[in-house]
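Okay, so here's the structure we're looking at.
Residue numbers (full-length UniProt numbering): 1 to 1144.
In structure tokens form, the structure reads like this:
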């Protein structure tokens, strides 16, 4: 960017007045007046100046119009008349004075026409800048060439005309990509300089222009000499420009750009520092309303982003993003530069995602990248670069979210980038690096990129590193040792080419540790750690990695010293306050494991307890559900391990249970808290809520994300940030103490006290079963005690094997032979589960009088709530035992079973008063004194949702019969029933909240992403199946909901073992939506059996018109309905065992 007109240096008001006077003068003169052309031109120039100051496109349009009027008012034969006159003068030996005067007049008039052509070309060029219409640019070039053709070689204006044509050609190069335009621009620029005296005031602008064009040629051709010359010309322009000159900001900006490019090519950090300084000088010299300010903001953002990549200071990246946002905010939506600003901001947000891990940054990066592409013509030279960038963003999202569609789109964008890039373009290798097709292609493109990169180029280290990674992946896939050797070689080359103070050096050491033998891995791990500052967020990871290498095999250390070094490394990682909490928690798990191996269970239990207590400080609430799941999956098993180690250390059962409550069901707990504790605090004590929320966000953010005072040095900044982190932790503790001193908030965000937990068991014992490599236990909560029972016969290895086996039963086509075989396997699993876990638990409960000895009626049994931890969350405790005729060694004969994710979820399920008929004595937990959700509906309303036929799935002939059974039962007692046959998910979501009971008879699917598990309904056009997903259901907050019956396959199944403790499935989704009771299925069910259980359940429930505990009535009626089916087919558990009750 450079200047071609003399900017108005005076007050803007004076310019406004000048324009008004010029308009008035023009309006007052006749159209045939000789000076009309000059007046039109002058008014056009003033309007152009106002456009430059204010940016109003209308001024530019009017400037062009007046320029065209000026040319129209000038006779078109001036040039011919000059030539003819000159020829006549040459034929005269002694031309008369009159002839000379005539020729001089004609020459002057011709030069006026040349000036008008030049001015109009300049204005058209400006409009191209603003509007992007290539036709304006073509016309600008034509007018410029016309002006130059009619100008004598020794005329002082020739330099200006040359310079302007060069500018137009540069614009056309940037728009069309033809290198010949760039070559011609540089030639015209040098011609302009050659025709300009060294002391001419316009020389600075010409130097600035040639410097800019040479830098463009460097970018296209890669010749470093062009870049060196560009910097020289830029510095010459600055040297010739006074400090108060309006063009100084422009030259500062350009020199900053040239230095930035030289840094990119040569890697000298001093160039980058100087580029930032020049960029900031340009901004400081530019008013906030100046049209160029957006460009300067963008460029400073580029320089800071580059420094972040080189030095690793997150503050540079934060500032780059701020400058990018400022540039966009200052740019009209129809401005051609907006595409570039969008692209750059997308790049910087993508980088922050890589650094900070917030997926919202990545989503925004993709959006900005797509906006950039949408605003860019298909033949634009930058389109290849921007396609590549969007492909990289989508590739990152694929790596984070796992959506294959993102990967496919990334490949497509990579191919588009490659197709749009000339074969001789130096960036072609880079675009190939962005192509994420199969591994073979990735290696080929990586090698192409390396071949296109000079040996002294800073990017060479990156290409080597990538090729090494791809070769390693191919080695792991194909087993060719040559790939491994090559990966090592490229990794070493990458390290050699990486400066010792580069922020990526530690990462490349770390990568080398993956491809070398263990001794080298340890060495590189030590080097990586040594290159990582003690307060760097990545230090915990590198401590963990080095500890892992030392544990894997022999080292130079003595075994005892090696063990102690691992303990030290994990301990340091755990205490690294600047690292993300999840990395610290991983370290705590490793540290605790080593301590346990040496018998230090008490010390280990303390570390694990602190690690679980760290979970609430992670600002997970602000993340989207999938991001919450991703992070929590990384912490899988933490609470279970902590619980086991606490018991192994001889501590109380309550201490163990407390950590299970705190470390499990986190996502569900967020929603429950938002509808109770946090929402109550926000409503009752808003100021305290705001303080608490601010501090929790601050503590959970990496240290580098907090903004220091800009004048601080780097070391002082780090010290102040760490100090501030400690202060924030102390402030949060004091805030929590204060909140808990408020009336009714003594238990704010704390696990329930022992008294509250015992009270929760007043309607029946709560049994929590947990198994780890250390031990297996049942923690039993009764009205009088919280105790643990060690289950020595229950082994984690057996559990994992049996649960995996269970997951495969009932799937796929069920021939008679296969079903008989699967029933035999399931019976064996149920007997094992009874002997190892359920039997001993029920025996203990019976000995202490917590459950009855049994009876003949459904109201003679005690209820038991089961909570399975980890893989036990899918264990069928309700069906455990021996089911031969007459046997009572099974759960169905001893207790009424209900499942619940956590005790907090049980408390939430009991908040509503439930009465089916008027006058009944409804049960409601009274431990929620501050709940506003007490409701007493005496007339129930039932919604029946049926899908007997589903596109793409098997028909369910039993659905119609099931609906008829239920309708008959509700008609008998006058319950109002509505039927939705083959509805859309939206229709169901819009109506569910209006009913007390909902019954779904349809297909259900358990997804690998449990939040996407769904009931299969119908699309709006009726042609396809549509999904009613867990994530959609759980956002409901119903007020009158009591019971959801999910007569659908796998509606209580979580297919993600790593998220087992989050207990995310359709049943828990409905419970979170406010349904106190949910009846569901653990696996695929038989259509007729589902109809039979539903019929018997409603018949048993509705026949009881008396008073009593309706929560008990629901559980007991369902228990009896399942038991009746069991009694008919005792050796066919695949048919009767999947039906479970969850909730209050």
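Every residue gets a Cβ at the ideal spot worked out from N, C-alpha and C, and that includes glycine. Note that the structure is predicted; figures quoted are calculated from it, not measured.
By how many angstroms is the C-alpha of residue j removed from the C-alpha of residue i?
i, j, result
"residue 731", "residue 600", "33 Å"
"residue 369", "residue 384", "12 Å"
"residue 491", "residue 586", "27 Å"
"residue 976", "residue 890", "38 Å"
"residue 824", "residue 814", "14 Å"
"residue 1133", "residue 1126", "7 Å"
"residue 560", "residue 875", "41 Å"
"residue 161", "residue 124", "15 Å"
"residue 671", "residue 739", "20 Å"
"residue 42", "residue 52", "15 Å"
"residue 171", "residue 143", "15 Å"
"residue 238", "residue 252", "7 Å"
"residue 1007", "residue 307", "43 Å"
"residue 197", "residue 155", "12 Å"
"residue 352", "residue 362", "8 Å"
"residue 420", "residue 581", "44 Å"
"residue 183", "residue 56", "33 Å"
"residue 1122", "residue 662", "33 Å"
"residue 638", "residue 1023", "45 Å"
"residue 1144", "residue 595", "40 Å"
"residue 704", "residue 314", "A caution first: residue 704 carries a pLDDT of 41, below 50, which makes its placement in the model unreliable, though a value can still be read off. The straight-line gap from Cα to Cα measures roughly 6 Å."
"residue 901", "residue 655", "19 Å"
Tell me, please, which residues DSSP counts as bridged to residue i.
i, result
"residue 1016", "1027"
"residue 976", "941"
"residue 898", "865"
"residue 779", "768 and 788"
"residue 990", "DSSP lists no partner for residue 990."
"residue 1143", "1077"
"residue 1044", "998 and 1078"
"residue 1231", "Any answer about residue 1231 is impossible in this case: the structure gives the chain only from 1 up to 1144."
"residue 946", "981 and 1001"
"residue 890", "881"
For a quick check, are the C-beta atoms of residue i and residue j less than 7 Å apart?
i, j, result
"residue 615", "residue 588", "no"
"residue 833", "residue 778", "no"
"residue 973", "residue 1098", "no"
"residue 386", "residue 365", "no"
"residue 203", "residue 149", "no"
"residue 230", "residue 258", "yes"
"residue 1066", "residue 1030", "yes"
"residue 304", "residue 316", "yes"
"residue 1058", "residue 636", "yes"
"residue 653", "residue 788", "yes"
"residue 775", "residue 605", "no"
"residue 147", "residue 195", "no"
"residue 330", "residue 282", "no"
"residue 863", "residue 896", "yes"
In three-state DSSP terms, what is residue i?
i, result
"residue 1000", "strand"
"residue 19", "helix"
"residue 762", "coil"
"residue 914", "strand"
"residue 741", "helix"
"residue 882", "coil"
"residue 643", "helix"
"residue 1086", "coil"
At least three beta-carbon pairs within less than 8 Å, the region 171–184 to the region 203–222:
yes
Okay, do the region 746–766 and the region 776–792 touch, 3+ Cβ pairs below 8 Å being the bar?
yes
contact_flag[the region 1073–1086, the region 1034–1054] where n(CB pairs < 8 Å) is 3 or more:
yes
Can we say the region 1004–1018 touches the region 1048–1057, given the rule of at least three CB pairs closer than 8 Å?
Result yes; three or more Cβ-Cβ pairs closer than 8 Å.
Can we say the region 28–36 touches the region 265–283, given the rule of at least three CB pairs closer than 8 Å?
no
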